[in-house]
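Novice:
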Amino acid sequence: MSSEPTTLLGREEGKGRPYPLFLERFMLVAVVVITLVYGGNISEQFNANWIGFTIGFVCFPLLLLATSEMIGRFIQSNQ
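So in this note's numbering, spot 35 of the sequence shown is number 73, and the numbers just go up one at a time.
The structure is reproduced here in structure tokens:
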């Protein structure tokens with residue numbers, strides 16, 4: 039067996055640029071801050087307590103996390 043690492047398709051791969059992890063950490067902190075600042079405001083827009091809480095503090099943060107993940111993948115694809 040060869041000691042060289044190979045890919046499944048047998049192609050040559052070079053080492054890319056390092057991924058900027060500080061951007062991902064910044065986006066995660068931004069998601070937490072935005073949730074704390076705006077989650078209560080979104081929650082207050084609904085008459086039922088459980089619906090407002092669910093949308094403001096469950097759905098909204100998940101939407102923000104999904105958006106930050108897409109931004110991170112876009113940054114990674116451009117590296």
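We put the CB at the ideal spot given by N, CA and C, even for glycine.
(1) Hey, would you say I113 sits closer than 8 Å to P58, going by beta carbons?
(2) So, does the segment 72-81 touch the segment 94-103, judging by three or more C-beta pairs under 8 Å?
(3) For A86, which of helix, strand or coil comes out of DSSP?
(4) Alpha helix (DSSP H) containing F112: first to last residue?
(5) Within this structure, are the beta carbons of L103 and V71 separated by less than 8 Å?
Specialist: Concretely, from the data shown:
(1) yes
(2) yes
(3) coil
(4) 98-115 is the extent of the alpha helix (DSSP H) around F112.
(5) no
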